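Have a look at the structure below before the remarks.
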Amino acid sequence: MSAEVKQSEPTERGSAHLVVGLGYGDEGKGKIVHFIGRYADVGMRSQGGKNAGHTIYLRQGELSIPIQGEGLEINTHQIPTTVAYEHTRNLIGPDAWLDPEALVQEMADLKAKGIEITPENLGVSNLASLVLPSHIFEDAAKEENGNGLGSTKAGMAFVARDEALHEDIRASAILVDNAREILWQAAYEGLADCVNWSAFENDVDATNVKRELVAAADKFVAAALAIKPYITETVKEIQDHVDAGKQIVIEGAQGAGLDRRYGKHPHVTSSTTLSAGLIKGAGLSHKDVGLTIGVIKAFPSKVGGGEFPDEITDEEILAVLKGEEGAVDEEKGKTSGRDRQIGWLSIPLLRHYIRMNGVDELALTKLDKVAELAKVTTKFSVVIKYVKNAEGGSQAEMSRIPDNLADLHGYEPVTQEFDVWHEDITGARSFEELPENARGFLKFLEQELGLPIGMVGVGPASDEIIVRPELLERLKESRLQGVPESSA
Ligand code: GDP
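Start counting the sequence shown at 8; every next residue gets the next number (this note's numbering).
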């Protein structure tokens, strides 16, 4: 009668590891994904779009990429960071908004750095929604009119709007016979709708504008057709990879603090940045998930405006944490070039986002920057709760984050102080090599957050990382392909 039904094993885990940001983006996810990528067969981006940017800094001798000078900075936006490896298949999933022009540029930029992108190592979902020139135009216009919320002007909110209206154009349109006409029409009409034609005093002005729109639509179509060989059924493909037990790493864009529902509205991004968003955006289910790794930066930073209760105001401390101008790890939006607000870690906020993401292991980046604080201070802080003076002289206390983050308004952060350390930790490759104060800080975080810290970033370069031996074993065990053991 029916085929044999396999009983589900409650403890069975899939093989798609998720890397999510537990801050406001820029936590250093790129570096963590790059490390896991050593042992992965597939890397994927499944939400957000070119508004995200990941950076890895490779040093001489790493991979087969030729590196001149001290090191090579590689920036990815739509393409998964794992593309730097020769052994990975890389996928852009259905919920990642696809900007063809930016993708073509990103491919060229990566090629200039020695990384070839071909349909063999990159696949783009046929279900992805296309970012049209009009989306970018509308986004920029909103920001420039002073009505914006600090967007990266990448058109994300506008492609999301069209998606909600079911009016988005999917990448599958690139594959049809009359793709050129469909795409051109969508690009031209989208832009034409943004123009207030009645405001033109003469036909010459209107004709000139039309000419610009035609050029923009032509450019868009050329880029969209150029990526045709990459468009594929990534959902089937990723499911097959999971079913075959391949090790996959899905790289989150932005962070929990910017999630469109659970971040601090309205200063949020347009996608679901939590693990649920990564899974759904890939076409997978929670049963396919292996490890969920939550990335924390030793001091969270944020771009895009809005209240930031844990913000650091001490100029000397800020100057150290921001880093030197032009440095690879300078605190500046990688995609937008905007300055970042910087704050102390908040235990209540981290607990909140750990719970929502179902985090198994933590990765803490930029621990080396805390050592640099020794130049200007002897202490650094972590927020442990929030308090507010209530009527009658009593104090209201908040140790759990309210559903609506706006309800934190008026509360002041209460911090616990930690001693800085003076030792340079960039050479440390094991927890034992860290100074006592640094270990004490990590222990405190593990206890307060109830999770192991499996990885610690101790410098900007990709090899400046400490990995807990148990986590390393787990990654090695489940690898099918990956780099040869000798170079891993
Ligand atoms: P993402 O948006 O979370 O992917 O953040 P990125 O991967 O772009 O990282 C932001 C910056 O932090 C990059 O320039 C990295 O080189 C840098 N970075 C990552 N980890 C560390 C670390 O442990 N120490 C230092 N100093 N810089 C780091």
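Each residue gets a CB set at the ideal place from its N, CA and C atoms; glycine is no exception.
Keep in mind that this is a model prediction, so the values were computed, not measured.
8 Å Cβ cutoff met for residue i and residue j
{"i": "residue 449", "j": "residue 462", "result": "no"}
{"i": "residue 335", "j": "residue 92", "result": "no"}
{"i": "residue 280", "j": "residue 263", "result": "yes"}
{"i": "residue 306", "j": "residue 352", "result": "yes"}
{"i": "residue 113", "j": "residue 86", "result": "yes"}
{"i": "residue 89", "j": "residue 256", "result": "yes"}
{"i": "residue 111", "j": "residue 233", "result": "yes"}
{"i": "residue 354", "j": "residue 455", "result": "yes"}
{"i": "residue 444", "j": "residue 427", "result": "yes"}
{"i": "residue 348", "j": "residue 59", "result": "no"}
{"i": "residue 469", "j": "residue 41", "result": "yes"}
{"i": "residue 51", "j": "residue 258", "result": "yes"}
{"i": "residue 368", "j": "residue 459", "result": "yes"}
{"i": "residue 437", "j": "residue 473", "result": "yes"}
{"i": "residue 315", "j": "residue 350", "result": "yes"}
Buried versus exposed, by CB contacts within 10 Å (16 or more), residue i
{"i": "residue 386", "result": "exposed"}
{"i": "residue 152", "result": "exposed"}
{"i": "residue 173", "result": "exposed"}
{"i": "residue 66", "result": "exposed"}
{"i": "residue 493", "result": "In this prediction, residue 493 scores a pLDDT of 42, lower than 50, which makes its location untrustworthy; the coordinate-derived value is nonetheless stated afterwards. So residue 493 ends up on the exposed side."}
{"i": "residue 435", "result": "buried"}
{"i": "residue 22", "result": "buried"}
{"i": "residue 480", "result": "exposed"}
{"i": "residue 45", "result": "buried"}
{"i": "residue 101", "result": "buried"}
{"i": "residue 295", "result": "buried"}
{"i": "residue 491", "result": "Because the pLDDT at residue 491 is just 46, under 50, the model does not fix this residue reliably, and the point stays unresolved."}
{"i": "residue 231", "result": "buried"}
{"i": "residue 224", "result": "buried"}
{"i": "residue 8", "result": "Bear in mind that a pLDDT of 44 at residue 8, under 50, signals an unreliable position, so the model cannot answer this."}
{"i": "residue 482", "result": "buried"}
{"i": "residue 248", "result": "buried"}
{"i": "residue 83", "result": "buried"}
{"i": "residue 420", "result": "buried"}
When the options are compared against residue i, the one with the closest alpha-carbon
{"i": "residue 246", "options": "468, 287, 103, 332", "result": "287"}
{"i": "residue 24", "options": "447, 307, 291, 470", "result": "291"}
{"i": "residue 167", "options": "212, 105, 215", "result": "105"}
{"i": "residue 373", "options": "148, 176, 432, 161", "result": "432"}
{"i": "residue 423", "options": "417, 401, 392, 407", "result": "392"}
{"i": "residue 338", "options": "389, 398, 365, 467", "result": "467"}
{"i": "residue 265", "options": "419, 203, 158", "result": "158"}
{"i": "residue 267", "options": "401, 164, 175", "result": "164"}
{"i": "residue 429", "options": "208, 375, 399", "result": "375"}
{"i": "residue 80", "options": "116, 330, 380", "result": "116"}
heavy atom of the ligand GDP below 7 Å from residue i C-beta
{"i": "residue 64", "result": "yes"}
{"i": "residue 336", "result": "yes"}
{"i": "residue 78", "result": "no"}
{"i": "residue 471", "result": "yes"}
{"i": "residue 465", "result": "yes"}
{"i": "residue 372", "result": "yes"}
{"i": "residue 431", "result": "no"}
{"i": "residue 404", "result": "no"}
{"i": "residue 170", "result": "no"}
{"i": "residue 381", "result": "no"}
{"i": "residue 103", "result": "no"}
{"i": "residue 266", "result": "no"}
{"i": "residue 376", "result": "yes"}
{"i": "residue 332", "result": "no"}
{"i": "residue 293", "result": "no"}
{"i": "residue 33", "result": "yes"}
{"i": "residue 496", "result": "No information on residue 496 is available, as it lies outside the stretch 8 to 495 that the chain covers here."}
{"i": "residue 28", "result": "yes"}
Residue i CB to nearest heavy atom of the ligand MG below 7 Å
{"i": "residue 38", "result": "Within the structure as shown, the ligand MG is missing, the only ligands being the ligand GDP."}
(message) I'd like to know if the region 35 to 46 and the region 271 to 282 are in contact, where contact means that at least 3 CB-CB pairs between them fall below 8 Å.
(response) Because the criterion of three Cβ pairs below 8 Å is not met, the region 35 to 46 and the region 271 to 282 do not touch.
(message) Can you confirm whether the region 170 to 187 touches the region 133 to 140 when touching is taken to mean that 3 or more C-beta pairs between the two stretches lie within less than 8 Å?
(response) Short answer: they touch.
(request) Would you check if the region 116 to 134 and the region 236 to 256 touch, i.e. whether three or more CB-CB distances between them fall below 8 Å? (result) The answer is yes - the region 116 to 134 touches the region 236 to 256, with three or more Cβ pairs under 8 Å.
(message) With three or more beta-carbon pairs closer than 8 Å as the criterion, would you say the region 186 to 202 touches the region 217 to 234?
(response) Contact holds between the region 186 to 202 and the region 217 to 234, because three or more Cβ pairs, one in each stretch, are under 8 Å apart.
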